[in-house]
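Residue numbers (this note's numbering): -10 to 105.
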Amino acid sequence: MELGAEATEHQLVMDALQKLDKDRKCFRLVGDVLVERTVGETVPAVAKNRDNLKSTIESFQKQFEIQKKDLAEFQEKYKIRVRSEGEVAEEEAAAAKAKESAKAAAAQQGVLVSKS
């Protein structure tokens, strides 16, 4: 997940900046502009961005779970099954085999004629 990777990168930057002097000069990319700031000014902004990313990820996960639940209810309500390619092939092979055995059974049946 791309947002998860960004949150991890923000955490790595936070870990690196925590060890530095607060008055040390650092550069931060804001949009397409490279801005010169101090570590003390940059740490809160990076922390805020990281927290926003984490809350966005949590929100997306909750929405995903709701959608998954709704889909399961819809499938159950309308009796929808999701089949893999293997299951479809097996069912088609079984149907073809049943059709062949029905033809063979019909061919073997005799007609009874009574002599009167």
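Where a beta carbon is used, it is the ideal one built from N, C-alpha and C, also for glycine.
Name the two residues that bound the continuous beta strand (DSSP E) containing residue i.
i, result
"residue 14", "14 to 19"
Applying the 10 Å Cβ sphere with the 16-neighbour rule, what's the burial state of residue i?
i, result
"residue 91", "exposed"
"residue -4", "buried"
"residue -8", "exposed"
"residue 42", "buried"
Less than 8 Å separating the beta-carbons of residue i and residue j?
i, j, result
"residue 24", "residue 11", "no"
"residue 22", "residue 6", "no"
"residue 26", "residue -1", "no"
"residue 35", "residue 77", "no"
What residue does the alpha helix (DSSP H) around residue i start on, and which one ends it?
i, result
"residue 28", "28 to 66"
Please state the DSSP three-state secondary structure of residue i.
i, result
"residue 23", "strand"
"residue 10", "coil"
"residue 73", "coil"
"residue 104", "coil"
Can you tell me whether residue i sits near the ligand ADP, meaning its C-beta is under 7 Å from at least one heavy atom of the ligand?
i, result
"residue 69", "As far as ligands go, the structure on display features none, and thus does not contain the ligand ADP."
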